[in-house]
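Everything below concerns the one structure shown next.
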């Protein structure tokens with residue numbers, strides 16, 4: 001209850017009184033208009049912000065949770081975020097099927113090292129130790145052109161089994177101009193057990209590479225037994 005001023009006598013009277021007790025004039029009741037509560041302003045979703053939500057919802061969608069956006073905008077934005085997340089995690093990577101070769105070319109047969117060696121040796125020209133010695137005795141230059149640095153097979157009878165100054169074994173075969181000029185043959189594999197089993201008078205066939213001569217004595221290297 002409050003005091004108000006009487007419009008007739010300007011005395012203070014109660015606002016709940018029907019008339020002024022001083023002059024009897026009626027008291028006009030003043031009604032205060034209720035003040036409406038202020039409503040918060042609603043933010044609108046701009047075009048650029050909408051594009052950001054559409055293409056990058058996992059970044060821009062969370063901004064809708066801030067103040068000022070309408071419930072409708074929040075539902076649509078968060079719903080689009082949930083949908084894109086579902087589509088992303090449910091997508092399966094494409095599977096690639098193994099490529100099947102349709103080539104009709106038959107596979108080439110695999111040739112073993114032993115077969116290749118046998119084929120190479122079989123294609124070599126064969127000479128006797130006597131023919132080799134005679135060729136160098138006649139003309140060293142012509143003999144070098146025929147034998148030096150080239151592979152060939154040679155047959156003969158073992159006249160001696162020796163080692164050189166490095167301890168590597170070599171054999172001489174009968175057929176030289178004399179016993180001191182018999183052709184000499186060193187081995188590719190110095191530890192070949194066949195060398196240790198050789199005896200004078202054994203007949204052998206070797207595949208060698210010509211190495212020239214020393215004082216008309218034919219020399220050959222990298223020899224291996226032809227079995």
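Residue numbers (UniProt numbering): 1 to 227.
Even glycine gets a Cβ: it sits at the ideal position worked out from N, Cα and C.
Buried versus exposed, by CB contacts within 10 Å (16 or more), residue 23:
Within 10 angstroms of the beta-carbon of residue 23 lie fewer than 16 other beta-carbons, which makes it exposed.
Quick check on residue 75: does DSSP put it in helix, strand or coil?
Note: residue 75 maps to helix in three-state DSSP.
Could you have a look at residue 30 and say whether DSSP puts it in helix, strand or coil?
Its pLDDT being 49, under 50, residue 30 is placed unreliably by the model, and the measurement read from it follows with that caveat. When DSSP states are grouped into helix, strand and coil, residue 30 belongs to the coil group.
Could you give the residue range of the alpha helix (DSSP H) that holds residue 132?
129-138 is the extent of the alpha helix (DSSP H) around residue 132.
State the DSSP-derived secondary structure class of residue 183, mapped to helix, strand or coil.
In this structure, DSSP gives residue 183 a state outside helix and strand, which the three-state scheme calls coil.
How about the region 147-154 and the region 165-172: do they share at least three Cβ pairs that are nearer than 8 Å?
Contact between the region 147-154 and the region 165-172 is absent, with fewer than three C-beta pairs closer than 8 Å.
Quick one: Cα of residue 78 to Cα of residue 50, how far?
Here the C-alpha atom of residue 78 lies approximately 12 Å from the C-alpha atom of residue 50.
Hey, how far is the Cα of residue 224 from the Cα of residue 114?
In a straight line, the C-alpha of residue 224 is about 13 Å away from that of residue 114.
Which residue marks the beginning of the alpha helix (DSSP H) containing residue 119, and which one marks its end?
Per DSSP, the continuous alpha helix (DSSP H) segment holding residue 119 begins and ends at 113-122.
Distance, residue 222 Cα to residue 208 Cα
The C-alpha of residue 222 is placed about 6 Å away from the C-alpha of residue 208.
Roughly how far, in whole angstroms, is the beta-carbon of residue 203 from the beta-carbon of residue 157, given that I think they are within contact range, below 8 Å?
Residue 203 to residue 157, Cβ: 5 Å. Contact.
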